[in-house]
Every structure is written in structure tokens, then in C-alpha cells.
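Visitor:
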Amino acid sequence: MTEFEREQAILNYSEENIVTLEWREHIRRRPGMYIGKLGDGSSSDDGIYVLLKEVMDNSIDEYRMGFGKNIDICIDSGNVSVRDYGRGVPLGKVLDVSSRMNTGAKYDSKAFKKSVGLNGVGIKAVNALSSRFLIESYREGESKSVEYERGHVVNDSPQQSSSQSNGTVIEFTPDTEIFGDYAYRDEHIEPLLKNYVFLNTGLTITFNGKKFYSKNGLEDLLNDNLTTEILYPIIHLHGDDIEVAITHSNQYGEEYYSFVNGQHTTQGGTHLSAFREATARVIKEYFTKNFEYSDIRNGMVAAISVKIEEPVFESQTKTKLGSKDMTPDGVSINKYVSDFLKKELDNYLHKHLETADILQKKILDSEKERKAIAGVTKLARERAKKANLHNRKLRDCRIHYNDSKGNNLDDSCIFITEGDSASGSITKSRDPNLQAVFSLRGKPLNSFGLTKKIVYENEEFNLLQAALNIEDGMDGLRYNRVIIATDADTDGMHIRLLLLTFFLQFFPDLVKKVHVYILQTPLFRVRNKKKTLYCYTEEERLAAIEELGPNPEITRFKGLGEISPDEFKNFIGKDMRLDRVSMRKEDLIKELLEFYMGKNTPDRQTFIIENLVVEEEA
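Converting from the sequence shown to my numbering requires adding 5 to each position, the first position being numbered 1.
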């Protein structure tokens with residue numbers, strides 16, 4: 006701005022420049038303040054799932070108050086319907102609760118002492134961000150409904166008699182003007198619904214005809230998420246406003262699931278910190294041995310759920326708890342969790358001596374391995390420290406996932422590439438603010454069946470670990486997405502398997518918390534003088550030939566290094582195609598890796614023969 010323009014701006018600054026936005030306009034202009042990122046439904050934290058969750062939370066609050074044991078959800082082509090069987094919104098307030106900001110029952114902490122919803126904001130945000138929104142309440146033989154379009158009332162129906170059971174129906178369609186071309190995906194909805202029933206035993210949720218129910222709460226949650234065999238039966242403890250489930254497996258690292266008032270705090274917070282410290286301390290005191298906390302927690306798989314009055318989260322998306330106390334001016338979360346575990350966990354270990362013996366053996370094994378590699382670890386850390394100053398394999402970016410402040414932290418990513426040509430293309434075309442590149446030298450070592458010592462002895466693995474900053478757990482992870490970018494040929498597939506073997510063996514949480522992806526790159530370029538199309542499959546190639554007409558130029562990309570930087574930027578931008586690497590309950594890591602990466606067996610040989618693909622030269 007020039008000096009003249011600045012002076013004019015000062016002169017023109019008057020009452021007319023001060024604008025008060027209506028509630029719906031404020032939400033539509035600043036949706037991120039209310040629902041976090043937008044997204045198209047391909048990620049579990051995309052805004053369309055937050056909309057569903059905000060509606061669900063109100064129904065859950067009703068269940069927790071003792072009203073309505075069933076919730077019915079139907080999602081069809083982006084249209085969402087949620088029906089609960091609670092008390093129903095008071096009929097005279099149906100309009101207010103859906104369109105007047107800061108209207109709700111949750112300000113009275115006696116009525117909704119430990120609610121999960123957004124204190125009178127939640128469904129108003131859903132309303133404003135939906136092209137269509139309908140709320141209908143059934144209460145004591147009467148009903149009342151209001152219909153909206155983008156927050157504007159289009160039909161305010163009068164009260165009328167009804168034969169429907171008490172409860173509330175909310176229907177909404179997320180607005181494509183806000184969310185673009187979105188789609189709800191079952192693989193993101195079902196874990197959300199499972200968590201609801203795990204945390205609310207006795208509740209039945211029906212989603213498009215499929216029922217979700219839990220009898221054993223957090224014990225069911227752990228069993229549903231386990232991908233390794235556990236060493237002893239799950240320790241499941243209940244108290245007022247707290248529930249925990251604890252076990253150990255032979256996997257490396259720690260794995261936690263934490264919740265506050267039913268909200269899945271994926272980034273933990275004060276309750277998880279208190280739990281991690283208190284669990285290790287109680288176990289150490291029980292054995293009266295000078296165990297290291299890290300040895301006690303190595304291989305631990307656990308879940309904690311707490312109910313807190315008026316919780317404070319570190320962001321609107323509520324993924325990390327910031328509260329210090331269980332109630333305003335009450336006992337601290339740290340003391341509450343610590344006192345509960347000191348009594349209940351200690352009692353459990355005294356009563357279940359077999360579990361205590363197995364636990365002690367696991368701790369001793371972890372201690373033995375840690376001491377065995379102590380010298381190697383020290384050297385490797387010094388090497389990694391020097392590498393961080395000048396890591397020749399890493400082309401870093403400016404913004405990192407573990408930065409305390411900043412925008413777009415979730416967009417930070419690292420591409421793991423094979424060879425200099427591929428890494429050169431990506432490095433030249435990447436966004437240096439958010440995209441880092443780590444270059445592999447040929448094929449990494451097959452780490453299957455090896456101990457963690459190899460992570461420190463193998464320079465490449467050690468430098469990768471240092472680049473990701475995950476030696477001491479996921480808290481320090483520098484990139485939200487770890488993207489394996491290899492050629493779509495046999496060698497490229499093998500490198501993918503070797504990297505996944507490394508991650509699943511030593512850093513399984515990296516995969517389980519959905520940080521690992523595979524980059525899709527085009528196999529063909531089809532173009533004429535007017536248009537260029539990139540094709541990722543044979544079907545897309547044939548469709549492109551048909552679209553562009555006779556005799557287009559067809560190029561087959563045999564490797565990433567063949568794609569010029571100018572072209573490559575089209576494939577790693579906002580719309581890049583990524584395949585998410587995820588684990589299912591039925592995928593036991595040890596058995597899975599043994600099959601693919603272990604010694605040749607008759608079963609594996611049969612599998613290879615049956616799935617052999619011979620590519621013909623184009």
C-alpha cells in the first residue's frame with residue numbers, strides 16, 4: 006500500500022465500515038472457527054463428519070440423562086437423518102435452538118453436567134452450513150418442525166398432534182458451496198459410531214440398517230482396535246466419572262485411546278498425561294523396583310474416558326483437553342486420575358498375581374533390550390543430531406505438525422522417495438512451506454524379525470526416524486502425513502512393503518493413527534494439441550482416448566523420475582491422490598508381516614503364483 010492509499014484509507018474509515026454479520030453469515034464465512042477444516046470426506050476429521058457429530062452429541066446427551074436407548078441414522082447421497090428417542094426439544098423452543106446463537110440447556114451445568122455438545126452453537130453451525138436443514142420435535146403427542154435453507158427459515162410449521170414416540174429428528178444436507186464435491190464414507194462413520202457405543206454401554210445406534218452396541222465399554226474398544234496379541238487379559242476399571250482399560254502386547258511404543266465426555270481426544274491432553282504418569286508410577290510402586298517409566302509403558306495399549314464439568318479444549322475441534330480440574334474450583338484431573346489408579350490398579354494387581362507376573366516379565370524384557378542397545382542408541386543420536394543440522398537425505402519444509410502455533414499444521418507432509426531423479430522432481434515442484442522430501446538410497450533393509458537395535462544401526466532408518474522425530478513417541482511427529490512416493494512397478498512395490506514393515510514393527514501408532522499414505526501417480530499421459538489428460542488406470546486411459554478423439558499422443562510413465570517438475574506439481578498439489586494405509590482388527594501385524602516379509606513358505610508361494618500379474622509392454 007502506497008502512502009497515498011494509506012491516507013485515503015484512514016480518511017474513508019467511518020461508521021459505514023463497521024459491519025455486524027448475522028449469525029449464519031459469520032458461520033458461513035468462517036466455518037473453520039466452528040468445525041475445523043472443511044474437506045471432501047476423504048479424511049475422518051473433515052467438516053462433514055463434525056456436522057454429523059454435533060447433531061449426534063445432542064442425542065447422546067439425552068441418552069446420558071436417561072432418555073432414549075436408540076438412535077437411528079440414515080445417510081443417503083449426502084443427505085443425513087438422525088432420529089433419537091429422548092424427550093424431544095420443547096416445542097416452543099424448536100426455532101430458537103436451531104437458529105439463535107448461544108441458546109441451549111447446557112449452560113445450566115445441573116441439567117447437562119458433563120455434556121459433549123457445543124454449548125448452544127452446534128446445530129446452529131450445522132444449520133448455517135447446510136443447503137437444507139430440518140428439525141422436528143415429538144413431545145407428549147404433539148410435534149413441531151422448522152425447515153431452513155442455508156440458515157434461512159423456509160417453512161415454520163405450526164404445532165400439531167402426533168402419534169410418534171418422543172424424540173427429535175434432524176435432517177441436513179451439507180452445502181456444496183462450502184464443502185464442494187463431498188461424500189460420506191462408511192470407513193470414517195463406523196469408527197465414530199463404535200466409539201459412541203463403547204462409551205455409552207446400553208445404547209444402540211442403527212446406521213443404514215447396521216446395529217452398533219457395546220456391553221463392556223472400553224474393554225470392547227481395545228479388543229476392537231487390537232492388531233497384536235495381548236500378553237494378559239485386559240484390566241478394566243470403573244469409577245465415578247472415570248473408566249480405564251489397560252493391557253500390554255509385544256509391539257514397540259505405546260498406544261492410547263482417550264476420551265472426555267465422549268469426545269475422542271485424538272491428541273490427548275491433561276487427562277492422558279495424568280493417566281500415563283500415574284499408571285507407570287503405580288506399577289513401579291507395586292513391584293517396589295526401580296523400573297524406568299519408559300520400560301513400564303513400552304508395549305502398553307490402553308484407553309481412558311473421563312467426565313469433566315465444563316471442559317476446556319485447546320481448539321474448537323476438541324481433540325486435546327486443556328482443563329486442569331475435574332470441576333470448576335474442584336480437584337485437579339491429575340490428582341483425581343492418580344488417586345483412582347493408586348487404589349484400583351494396585352488392588353487389581355494384588356488380586357491377579359498371574360497378570361502381575363506377566364507384566365513384570367514384559368517390563369524386564371523391555372529393560373533388557375533398552376540396556377543392550379544403549380551404546381548404539383547414544384552413537385545413533387549423536388549421528389542424528391549432526392544429520393539434523395545437515396541431513397543430506399532430507400529437504401525440509403518450514404511448517405511442521407508439532408509446531409506450537411501456526412496455520413495449516415495438518416497439511417504438513419513428507420514424501421519418502423526412491424532415488425535422486427524422483428526426489429529431484431518432487432523437490433523442484435513441492436510447496437517448500439508444507440512439503441518435505443526424504444530420499445532413499447535404493448531398497449531399505451527388510452527389518453522383519455529384527456530388534457529395535459537395527460533402527461539405530463541402520464543409517465537410513467535412523468535418519469528417517471530423526472526426520473520424523475518419533476523416537477520418543479508420536480507427540481513429536483513433525484509431519485501429519487508420511488507419504489511413500491515410489492514407482493508403480495515391482496521394485497517400487499517392494500520398497501513400499503519394506504517401509505511399511507519398518508513402520509508396523511517399530512512405530513505401529515504411525516499407521517494406526519492414520520499418518521501413512523501411498524502417493525498415486527499417473528501411469529499415462531494422453532494429449533492432443535488442445536488438451537492433456539493424466540490417467541491413473543487402464544480404464545482412465547481408454548476413456549481419455551475416447552474423449553480426445555483419433556490418434557492422441559500417449560506417453561507411459563515408467564517411473565517418477567520421468568515426470569518433469571512442471572508436470573509433477575499437478576500430482577502433489579491440493580488434489581493429490583493418496584491411498585491411506587490403515588489397519589483392521591483382523592490384521593494381526595505379526596502374522597501379516599510374517600506372511601509377506603518372512604521366509605518363503607508354501608502358502609506364500611501359492612499366493613504369489615495365484616496373484617502374479619504379467620505386464621505386457623505397451
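All residues carry an ideal CB built from backbone N, CA and C; glycine is no exception.
Mapping DSSP to helix, strand and coil, what is Ser33?
Guide: Translated into the one-based positions of the sequence shown, residue 33 becomes position 28. Reading off the sequence, residue 33 comes out as Arg, not Ser. Note: Arg33 maps to helix in three-state DSSP.
Visitor: So, for Asp571: in the same chain, excluding its five sequence neighbours on each side, which residues have a beta-carbon less than 8 Å away from its beta-carbon?
Guide: In the sequence shown, residue 571 corresponds to position 566, counting from 1. Here the set comprises Ser434.
Visitor: Mind checking which residues open and close the alpha helix (DSSP H) that includes Met305?
Guide: In the sequence shown, counting from the first residue as 1, residue 305 sits at position 300. Per DSSP, Met305 belongs to no alpha helix (DSSP H); it is in the beta strand (DSSP E), 305-311.
Visitor: Could you give the distance in angstroms between the alpha-carbon of Val306 and the alpha-carbon of Phe562?
Guide: Locating residue 306 in the sequence shown gives position 301, where the first residue counts as 1. Locating residue 562 in the sequence shown gives position 557, where the first residue counts as 1. Their Cα atoms are separated by approximately 44 Å.
Visitor: Would you report the Cα separation of Gly424 and Leu445, rounded to the nearest angstrom?
Guide: Here the question's residue 424 lines up with position 419 in the sequence shown. Here the question's residue 445 lines up with position 440 in the sequence shown. Going by the C-alpha atoms only, they are around 6 Å apart.
Visitor: Using the beta-carbon count (16 or more within 10 Å), is Val336 buried or exposed?
Guide: To locate residue 336, count along the sequence shown from 1; it is residue 331. That one is exposed.
Visitor: When DSSP labels each residue in this structure, what does Gln365 get in the three-state scheme?
Guide: For the purposes of this step, residue 365 is taken as residue 360 along the sequence shown, with counting starting at 1. Three-state result, Gln365: helix.
Visitor: I need the DSSP call for Thr360, collapsed to helix, strand or coil.
Guide: Residue 360 sits at position 355 when you count from the first residue of the sequence shown. Helix, per DSSP.
Visitor: Give the DSSP-derived three-state secondary structure of Tyr291 in the structure shown.
Guide: Reading the sequence shown from its first residue, position 286 is the one you call residue 291. Note: Tyr291 maps to helix in three-state DSSP.
Visitor: Measuring CB to CB, does Thr275 end up less than 7 Å from Thr324?
Guide: Translated into positions along the sequence shown, residue 275 becomes position 270. Translated into positions along the sequence shown, residue 324 becomes position 319. No, Cβ-Cβ distance for Thr275 and Thr324 is not below 7 Å.
Visitor: Who are Lys518's beta bridge partners in DSSP?
Guide: Reading the sequence shown from its first residue, position 513 is the one you call residue 518. In the DSSP output, where bridge partners are listed per residue, Lys518 has none listed.
Visitor: Here's the rule: buried if 16 or more other CB atoms are within 10 angstroms of the residue's CB, otherwise exposed. What is Val531?
Guide: As a position in the sequence shown, residue 531 is number 526, starting the count at 1. With 16 or more other Cβ atoms within 10 Å, it is buried.
Visitor: Give me, in chain order, the residues of the same chain whose beta-carbon lies closer than 7 Å to that of Ile431; leave out the 5 immediate sequence neighbours on both sides.
Guide: As a first step, residue 431 is located in the sequence shown; it is residue number 426 there, counting from the start. Cβ within range, chain order: Phe420, Thr422, Val442, Ala490, Phe573, Ile577.
Visitor: Which residue comes first and which comes last in the alpha helix (DSSP H) that contains Asn75?
Guide: In the sequence shown, the residue the question calls residue 75 occupies position 70. Counting along the chain, Asn75 falls outside any alpha helix (DSSP H), though it belongs to the beta strand (DSSP E) covering 75-81.
Visitor: Between Val158 and Val99, how many whole angstroms is the CB-CB distance? I'm expecting something under 8 Å.
Guide: As a working mapping, residue 158 is identified with position 153 in the sequence shown. As a working mapping, residue 99 is identified with position 94 in the sequence shown. In fact, because the Cβ distance is near 11 Å, the residues do not count as touching under 8 Å.
Visitor: Entirely within the stretch 314-358 and at least 4 residues each: give me those alpha helix (DSSP H) ranges in chain order.
Guide: Entirely contained in the stretch 314-358, the alpha helix (DSSP H) runs reaching 4 residues are, in chain order, 338-356.
Visitor: In whole angstroms, give me the CA-to-CA distance for Asn213 and Ile80.
Guide: The residue you call residue 213 lines up with position 208 of the sequence shown. The residue you call residue 80 lines up with position 75 of the sequence shown. Taking the straight line joining both Cα atoms gives about 7 Å.
Visitor: Just to confirm my understanding: we take Leu242, look at its own chain, exclude 5 residues before and 5 after, and list those with CB closer than 6 Å. What are they?
Guide: Taking the sequence shown and counting its residues from 1, the one referred to as residue 242 is at position 237. Closer than 6 Å at the Cβ level, and outside the excluded window around Leu242, lie Val249, Glu349.
Visitor: Less than 6 Å between C-beta atoms, sequence neighbours within five positions excluded: which residues of the same chain meet that for Arg582?
Guide: Sequence index remark: in the sequence shown, residue 582 carries index 577 (1-based). Around Arg582: Gln525.
Visitor: According to DSSP, simplified to helix, strand and coil, what is Leu123?
Guide: Within the sequence shown, residue 123 is the residue found at index 118, counting from 1. For Leu123, the predicted structure reports a pLDDT of 46, less than 50, and the residue's modelled location is therefore unreliable. A value from the coordinates is still provided. Reduced to three states, the DSSP call for Leu123 is coil.
Visitor: Taking the beta carbon of Thr232 as the centre, do at least 16 other beta carbons fall within 10 Å, making it buried, or is it exposed?
Guide: Position 227 of the sequence shown, counting from 1, holds the residue named residue 232. Buried.
Visitor: Just grab the DSSP bridge partners of Gly172 for me.
Guide: As a working note, residue 172 is residue 167 in the sequence shown. Its beta-bridge partners are Tyr143.
Visitor: Please confirm if the stretch 195-206 is in contact with the stretch 216-225, defined as three or more CB-CB distances below 8 Å between the two stretches.
Guide: Touching, yes.
Visitor: If you run the structure through DSSP and keep just helix, strand and coil, what is Asn556?
Guide: Indexing the sequence shown from 1 puts residue 556 at position 551. Of the three classes helix, strand and coil, the one that applies to Asn556 here is coil, per DSSP.
Visitor: Could you tell me which of Gly411, Thr360, Leu528 sits nearest to Thr542, measuring between CA atoms?
Guide: Locating residue 542 in the sequence shown gives position 537, where the first residue counts as 1. Measuring from the Cα of Thr542, the nearest candidate turns out to be Leu528.
Visitor: Would DSSP call Tyr189 helix, strand or coil?
Guide: Here residue 189 refers to the residue found at position 184 of the sequence shown. Three-state result, Tyr189: coil.
Visitor: Which word fits Tyr112, buried or exposed, when buried means at least 16 other C-beta atoms lie within 10 angstroms of its C-beta?
Guide: What you label residue 112 is simply residue 107 of the sequence shown in a count that begins at 1. A caution first: Tyr112 carries a pLDDT of 42, below 50, which makes its placement in the model too unreliable to give a value.
Visitor: CA-CA distance, Gln165 and Ala133?
Guide: Here residue 165 is taken as the residue at index 160 of the sequence shown, counted from 1. Here residue 133 is taken as the residue at index 128 of the sequence shown, counted from 1. Distance between the alpha carbons of Gln165 and Ala133 is about 26 Å.
Visitor: With burial defined as no fewer than 16 other Cβ atoms inside 10 Å of the residue's Cβ, what is the status of Ala377: buried or exposed?
Guide: Counting from 1 along the sequence shown, the entry for residue 377 is found at position 372. Exposed: under 16 other Cβ atoms inside 10 Å.
Visitor: Please classify Lys517: is it buried, with 16 or more other beta-carbons within 10 angstroms of its beta-carbon, or exposed?
Guide: Numbered from its first residue, the sequence shown carries residue 517 at position 512. Classification of Lys517: buried, given that the 10 Å Cβ count is 16 or more.
Visitor: For Gly354, which residues in the same chain have their Cβ closer than 6 Å to its Cβ, ignoring the five residues on either side in sequence?
Guide: For the purposes of this step, residue 354 is taken as residue 349 along the sequence shown, with counting starting at 1. Reading off the sequence, residue 354 comes out as Leu, not Gly. Closer than 6 Å at Cβ, skipping near neighbours: Tyr291, Ala361.
Visitor: Locate the beta strand (DSSP E) running through Ser86, then write down its first and last residues.
Guide: Position 81 of the sequence shown, counting from 1, holds the residue named residue 86. 84-89 is the extent of the beta strand (DSSP E) around Ser86.
Visitor: What number of angstroms, rounded off, separates the C-alpha of Leu57 from the C-alpha of Asn205?
Guide: Taking the first residue of the sequence shown as position 1, residue 57 is located at position 52. Taking the first residue of the sequence shown as position 1, residue 205 is located at position 200. Leu57 and Asn205: Cα-Cα distance of roughly 18 Å.
Visitor: Could you spell out where the beta strand (DSSP E) holding Phe296 opens and where it closes?
Guide: As a first step, residue 296 is located in the sequence shown; it is residue number 291 there, counting from the start. Note, Phe296: premise wrong, no beta strand (DSSP E); not H, not E.
Visitor: Using only alpha-carbon positions, find the residue among Glu558, Lys129, Gly83 that is nearest to Asp191.
Guide: Here the question's residue 191 lines up with position 186 in the sequence shown. The residue with the shortest Cα to Cα distance from Asp191 is Gly83.
Visitor: What is the DSSP secondary structure of Pro421, reduced to helix, strand or coil?
Guide: As a working note, residue 421 is residue 416 in the sequence shown. Looking at the sequence itself, residue 421 is Ile, so the reference to Pro does not match. Ile421: strand per DSSP, three-state reduction.
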